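Heads up: the structure comes next, in structure tokens.
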Amino acid sequence: MAPPTLSKITLLSLSLSLSLLVCSALASHFSIVGYSPEDLTSIDKLINLFESWMAKHGKSYESIEEKLHGFEVFKDNLEHIDETDKKVSSYWLGLNEFADLSHEEFKERYLGLTADLSNKRDRRHSRSQRVQVREMLKCPSQWIGEKKVL
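Numbered per mature numbering (1 follows the signal peptide of the UniProt record, and there is no 0), the sequence shown spans residues -27 to -1, 1 to 123.
Structural data, given as structure tokens:
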């Protein structure tokens, strides 16, 4: 086999350089902030991670109370992310630009769901659980209806 010519080496080098350039450009737009298990070991490390996350996503807060709330939600979301990533191998979660929003805050801001759904029946509970709650509250059947449950 003949040794590769200079043009083949140049073409290969150019292709490799272009591939690396595209990969680095894509990585810079990747909005997930990484963390390590060590970040979960102390409040100082969590605060540093939160500050890094804020800088990456250009987040700012109008008051210290709002920032503290954002940090608490961020911390809860990080714990959920860490627990899920340890259990599930078919996908992974990460700290994106919404990491300081609770599920309810996200739904309200981005999905337009502002109605209070707390009085709706919670379908996550089984029929027997709903019946137990009804019996504990001792609601007369005419309040609920014969075929309705809480």
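A virtual CB, placed ideally from N, CA and C, is assigned to each residue, including glycine.
Bear in mind that the values here come from a model prediction, so they are computed numbers and not experimental data.
{"query": "Given 8 Å as the limit, is there contact between the region 4 to 11 and the region 67 to 76, that is, 3 or more CB pairs closer than that?", "result": "yes"}
{"query": "To which residues does DSSP link L68 through a beta bridge?", "result": "V6"}
{"query": "Using a 10 Å radius around the Cβ and a threshold of 16 neighbouring Cβ atoms, would you call A28 buried or exposed?", "result": "exposed"}
{"query": "Taking just the CA atoms, how far does L51 sit from L41?", "result": "15 Å"}
{"query": "Using the C-alpha atoms, what's the distance from D49 back to K59?", "result": "16 Å"}
{"query": "Roughly how many whole angstroms lie between the Cα atoms of D12 and I20?", "result": "9 Å"}
{"query": "Rounded to the nearest angstrom, what separates L22 and L86 at their Cα positions?", "result": "30 Å"}
{"query": "Taking the continuous alpha helix (DSSP H) assigned at L22, which residues delimit it?", "result": "16 to 30"}
{"query": "Given a cut-off of 8 Å on the beta-carbon distance, is the pair G43 and D73 in contact?", "result": "yes"}
{"query": "Can you give me the C-alpha to C-alpha distance between E81 and E45, rounded to a whole angstrom?", "result": "19 Å"}
{"query": "Along the chain, where does the alpha helix (DSSP H) containing G43 start, and where does it finish?", "result": "37 to 60"}
{"query": "Take S75 as the anchor and find which of H53, S63, Y64 has the nearest alpha-carbon.", "result": "H53"}
{"query": "Take I37 and list the residues in its own chain whose beta-carbon comes closer than 6 Å to its own, dropping the five residues that flank it on each side.", "result": "none"}
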